[in-house]
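Single-structure report; data block below.
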Amino acid sequence: MSDKPLLQTLSRATITPNGIQLSVDWHKSSQYPLFCCSSSNSDRSIHRTIPYHDILFAEELDSSASDGDFGTREVELTYVARNNKLELKKEIVIITDYEPNLSQTILQKAYDQTNRTHPPRILVLINPHGGKGKALKLFEDKAEPILKAAQCEYEVCTTLKHQHATELIRTRKDILEFDTIVCASGDGIPHEVINGLYQRDDRAECFEHLAVTQIPCGSGNAMSLSCLDTNDPAEAALSVLKSPSVRIDLMAITQPSQPVRLSFLSLTYGMIADGDIGTEWLRFLGPFRFEVGIVTKLLQNAKYPCDLSVDFCAKDHQLLSQHYSDNTKPDYSKTKHLPITDKSFELKSPSLENPPPKDWERLDSQITDNLSIFYVGKMPIVSADTNFFPAAIPDDGCMDLVITDNRSSVLDTANLLLQVDKGTHVLQKDVIHSKVKAFRLAPRIPKGYLSVDGESFPFETTQVEVLPTLLKTVMKEGTYAETGFPSYS
Ligand SMILES: Nc1ncnc2c1ncn2[C@@H]1O[C@H](COP(=O)(O)OP(=O)(O)OP(=O)(O)O)[C@@H](O)[C@H]1O
Numbered sequence: 001m002s003d004k005p006l007l008q009t010l011s012r013a014t015i016t017p018n019g020i021q022l023s024v025d026w027h028k029s030s031q032y033p034l035f036c037c038s039s040s041n042s043d044r045s046i047h048r049t050i051p052y053h054d055i056l057f058a059e060e061l062d063s064s065a066s067d068g069d070f071g072t073r074e075v076e077l078t079y080v081a082r083n084n085k086l087e088l089k090k091e092i093v094i095i096t097d098y099e100p101n102l103s104q105t106i107l108q109k110a111y112d113q114t115n116r117t118h119p120p121r122i123l124v125l126i127n128p129h130g131g132k133g134k135a136l137k138l139f140e141d142k143a144e145p146i147l148k149a150a151q152c153e154y155e156v157c158t159t160l161k162h163q164h165a166t167e168l169i170r171t172r173k174d175i176l177e178f179d180t181i182v183c184a185s186g187d188g189i190p191h192e193v194i195n196g197l198y199q200r201d202d203r204a205e206c207f208e209h210l211a212v213t214q215i216p217c218g219s220g221n222a223m224s225l226s227c228l229d230t231n232d233p234a235e236a237a238l239s240v241l242k243s244p245s246v247r248i249d250l251m252a253i254t255q256p257s258q259p260v261r262l263s264f265l266s267l268t269y270g271m272i273a274d275g276d277i278g279t280e281w282l283r284f285l286g287p288f289r290f291e292v293g294i295v296t297k298l299l300q301n302a303k304y305p306c307d308l309s310v311d312f313c314a315k316d317h318q319l320l321s322q323h324y325s326d327n328t329k330p331d332y333s334k335t336k337h338l339p340i341t342d343k344s345f346e347l348k349s350p351s352l353e354n355p356p357p358k359d360w361e362r363l364d365s366q367i368t369d370n371l372s373i374f375y376v377g378k379m380p381i382v383s384a385d386t387n388f389f390p391a392a393i394p395d396d397g398c399m400d401l402v403i404t405d406n407r408s409s410v411l412d413t414a415n416l417l418l419q420v421d422k423g424t425h426v427l428q429k430d431v432i433h434s435k436v437k438a439f440r441l442a443p444r445i446p447k448g449y450l451s452v453d454g455e456s457f458p459f460e461t462t463q464v465e466v467l468p469t470l471l472k473t474v475m476k477e478g479t480y481a482e483t484g485f486p487s488y489s
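The sequence shown begins at 1 in UniProt numbering and counts up one residue at a time.
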């Protein structure tokens with residue numbers, strides 16, 4: 001995308017509730033076939049509307065009357081147009097209006113969903129290694145022109161090594177000068193950013209004020225797919241500027257050898273972790289690596305014994321359906337939450353030296369001796385075309401848990417995995433699909449993989465609980481991407 005928007009013809013315009021309506025002399029306009037939004041109501045002019053959602057910037061050029069009318073002003077509009085892909089456009093329009101601060105009024109309407117009158121001040125972290133080395137180019141070509149066109153204040157930092165994003169965010173003194181941290185990366189960088197914020201002395205203030213979001217430039221872009229409903233960096237950049245912020249739950253992970261770490265997406269043990277982290281050596285296969293890993297484990301009928309204690313919130317399919325309908329909302333940005341304080345970080349579960357609480361349920365050994373998939377998540381879409389947690393809710397204080405064991409036939413498990421794009425795998429009768437508040441997982445095999453937000457974690461006893469509404473992020477339309485949770489009827 002060029003960051004020099006195309007300048008359009010001078011048109012007369014009016015402010016309407018939905019956008020700026022332009023009247024264009026049709027015989028002078030070469031744009032007619034492309035832009036006509038409403039039919040002509042005169043012989044000479046046609047109307048089209050630039051929706052406020054597409055306007056990035058508005059600036060008054062000349063407040064003196066351009067054609068002798070009192071209150072007639074020239075305003076330069078910068079906006080995006082959709083023509084297969086997003087394109088930047090600039091247009092000078094003549095507006096007759098008595099509003100004293102016309103461009104400010106237009107900008108207010110353009111950003112009204114965000115509760116700001118200006119684009120956010122952004123810190124961009126780019127992982128040049130992400131997305132097989134394409135992240136920097138994707139950001140510069142597709143996302144940055146949109147930030148520039150919106151006259152957005154932003155600063156770009158590049159990560160130089162694993163964990164660098166955590167270090168940058170933990171040590172940055174002026175972090176509260178920004179409104180939003182944008183990760184131009186896969187899911188690894190938001191994971192590191194959230195943990196960098198968590199390690200700060202002023203973490204309560206940081207989590208209260210700063211939003212963390214993603215422009216999808218990696219191989220796994222779950223945050224953008226789930227929250228911004230796109231895998232396209234240009235669309236995501238537009239959404240980052242235009243969408244409301246929403247508070248979401250995080251997961252706190254306790255392990256014997258580690259300080260507590262936070263996760264925004266998922267934790268997996270068993271076949272999926274093996275297929276992901278356990279196939280790093282197959283990177284040369286590109287995106288097929290994961291499928292090859294899973295099919296191999298499936299054919300081996302692999303099992304991953306463990307001990308598992310769970311604090312269930314809605315255990316069976318019926319209770320889960322009820323929980324889902326009681327807790328889903330059309331727009332989570334409207335929900336009022338308590339402010340984040342030091343208490344928001346307090347863990348409720350016992351330390352690992354103590355046994356799990358008596359009211360947690362120890363899962364039947366028939367399941368845990370034969371476990372094949374153990375996957376918990378907080379966002380619905382874990383990678384492109386994988387709607388693994390179709391019932392995920394941003395702020396229900398629960399994780400979604402999916403468990404299968406290898407007593408199901410290979411065909412049944414294969415059939416289940418073939419349904420993850422639609423999210424109907426959770427309807428299978430052999431699948432445990434529950435809402436849980438906390439759990440403790442102790443692998444009973446000496447070696448294996450534990451994956452958190454796609455990153456490898458130490459293979460040891462792991463206890464997880466939800467920290468409600470800790471993270472501010474950005475969500476298109478204030479909700480997760482439409483995943484269409486298939487209800488259990
Ligand atoms: N400059 C760098 N060189 C190497 N690794 C880096 C660099 N910067 C960040 N990383 C690491 O790259 C890993 C993957 O990052 P990210 O999730 O953004 O990309 P991805 O392409 O989706 O991931 P993956 O490589 O797992 O497919 C993270 O663990 C991160 O710490």
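Ideal Cβ positions, reconstructed from N, Cα and C, are used throughout, including at glycine.
By the three-class DSSP mapping on this structure, what secondary structure does residue 77 have?
If DSSP states are grouped into helix, strand and coil, residue 77 belongs with the strands.
Cross-strand partners of residue 377 (DSSP beta bridge)
Beta-bridge pairing links residue 377 to 266, 400.
Short Cβ contact (8 Å threshold) for residue 250 with residue 401
In this structure, residue 401 does not lie closer than 8 Å to residue 250 by Cβ.
Residues that DSSP places opposite residue 413 in a beta bridge:
Among the bridge pairs identified by DSSP, residue 413 is matched with none.
Any idea which residues DSSP pairs residue 92 with across the strands?
Secondary-structure assignment with DSSP links residue 92 through a beta bridge to 76.
Would you kindly report the start and end of the unbroken alpha helix (DSSP H) that includes residue 194?
Looking at the DSSP string, the run of the alpha helix (DSSP H) that includes residue 194 is 188-198.
DSSP state of residue 335 mapped onto helix, strand, coil:
Coil at residue 335, not helix or strand.
Between residue 161 and ligand 1, is there a pair consisting of the residue's CB and a ligand heavy atom that are separated by less than 7 Å?
Answer for residue 161: yes, Cβ within range of ligand 1.
Where the alpha helix (DSSP H) containing residue 222 begins and where it ends
Counting along the chain, the unbroken alpha helix (DSSP H) around residue 222 starts and ends at 222-227.
Relative to the C-alpha of residue 386, which residue among 407, 363, 419, 372 is closest?
With distances taken between Cα atoms, residue 386 lies closest to 419.
Distance between residue 76 and residue 13 (C-alpha atoms, nearest Å)
One C-alpha to the other measures close to 11 Å.
Would you call the segment 437-457 in contact with the segment 404-423, where contact means no fewer than 3 C-beta pairs closer than 8 Å?
Counting C-beta pairs closer than 8 Å gives fewer than three between the segment 437-457 and the segment 404-423, which falls short of the contact rule.
Given a cut-off of 8 Å on the beta-carbon distance, is the pair residue 348 and residue 398 in contact?
Remark: C-beta atoms of residue 348 and residue 398 do not approach each other more closely than 8 Å.
If you draw a straight line from the C-alpha of residue 132 to the C-alpha of residue 463, how long is it?
Rounded to whole angstroms, residue 132 to residue 463 spans 32 Å at the Cα level.
Just tell me which of 310, 374, 427 has its CA closest to the CA of residue 318.
For residue 318, the closest C-alpha among the options 310, 374, 427 is that of 427.
At the level of alpha carbons, what is the spacing between residue 41 and residue 49?
Legend: pLDDT at residue 41 = 45, less than 50; position of this residue unreliable, no value from coordinates given.
Member of 465, 434, 327 whose CA lies at the smallest distance from the CA of residue 351:
Comparing alpha carbon positions, the residue from 465, 434, 327 closest to residue 351 is 465.
Beta-carbon spacing of residue 72, residue 94 below 8 Å:
By the CB criterion at 8 Å, residue 72 and residue 94 fall inside the cutoff.
Helix, strand or coil: which one does DSSP assign to residue 172?
Note: residue 172 maps to coil in three-state DSSP.
Among 461, 260, 220, 213, which residue has its Cα nearest to the Cα of residue 239?
Considering only alpha carbons, the answer is 213.
One question on the structure: do residue 328 and residue 403 come within less than 8 Å of each other, judged by their Cβ atoms?
Their beta carbons are not under 8 Å apart, which means residue 328 does not touch residue 403 by this criterion.
Rounding to the nearest angstrom, what Cα-Cα distance links residue 221 and residue 324 in this structure?
Their Cα atoms are separated by approximately 25 Å.
Close-in-space but distant-in-sequence residues of the same chain around residue 209 (CB under 7 Å, 5 per side omitted)
The residues 176, in chain order, have a CB closer than 7 Å to that of residue 209 in the same chain once the five nearest residues on each side in sequence are set aside.
Straight-line gap, residue 343 to residue 97 (C-alpha atoms, nearest Å):
Cα to Cα, residue 343 sits roughly 51 Å from residue 97.
In chain order, what residues of the same chain have a beta carbon less than 7 Å from the beta carbon of residue 405, not counting five sequence neighbours either side?
Taking residue 405 as the centre and dropping the five residues before and after it, the same chain places the C-beta of 367, 370, 371, 372 closer than 7 Å to its C-beta, in chain order.
Whose CA, out of 203, 185, 200, 86, lies closest to the CA of residue 1?
When each option's Cα is compared against that of residue 1, the closest is 86.
When burial is assigned at 16 or more other CB atoms within 10 Å of the CB, is residue 99 buried or exposed?
Under this definition residue 99 is an exposed residue.
Note down, in chain order, each residue of its chain lying with its Cβ closer than 8 Å to the Cβ of residue 256, except the 5 sequence neighbours on either side.
Here residue 256 has 352, 460, 461 as same chain residues with Cβ atoms under 8 Å from its own Cβ, once five neighbours each way along the sequence are excluded.
CB residue 57 to CB residue 184, shorter than 8 Å?
Against a cut-off of 8 Å, the Cβ pair of residue 184 and residue 57 comes out as no contact.
Leaving out five residues on either side along the sequence, give the residues of the same chain with a beta carbon under 6 Å from the beta carbon of residue 21.
Counting only Cβ-Cβ distances below 6 Å, and skipping sequence neighbours, we find 14, 47, 49.
What's the C-alpha gap between residue 312 and residue 360?
Cα to Cα, the separation comes out at about 7 Å.
Reference residue 330, options 482, 218, 303, 108, closest by Cα:
The residue from 482, 218, 303, 108 with its alpha-carbon nearest to that of residue 330 is 482.
Where does residue 38 land, buried or exposed, given buried means 16+ other C-beta within 10 angstroms?
Bear in mind that the predicted position of residue 38 carries a pLDDT of just 42, short of 50, making it unreliable; the figure below should be weighed with that in mind. If you draw a 10 Å sphere on the C-beta of residue 38, you find fewer than 16 other C-beta atoms in it, and that means exposed.
In DSSP terms, what residue 450 is bridged to:
269, 457.
Anyone know if the C-beta pair for residue 125 and residue 181 falls short of 8 Å?
Yes, the pair counts as a contact, with Cβ atoms nearer than the cut-off.
Here's a check: name, in chain order, each residue in its chain whose Cβ is nearer than 6 Å to the Cβ of residue 374, leaving out the five neighbours to either side.
Result list for residue 374: 269, 270, 403, in chain order.
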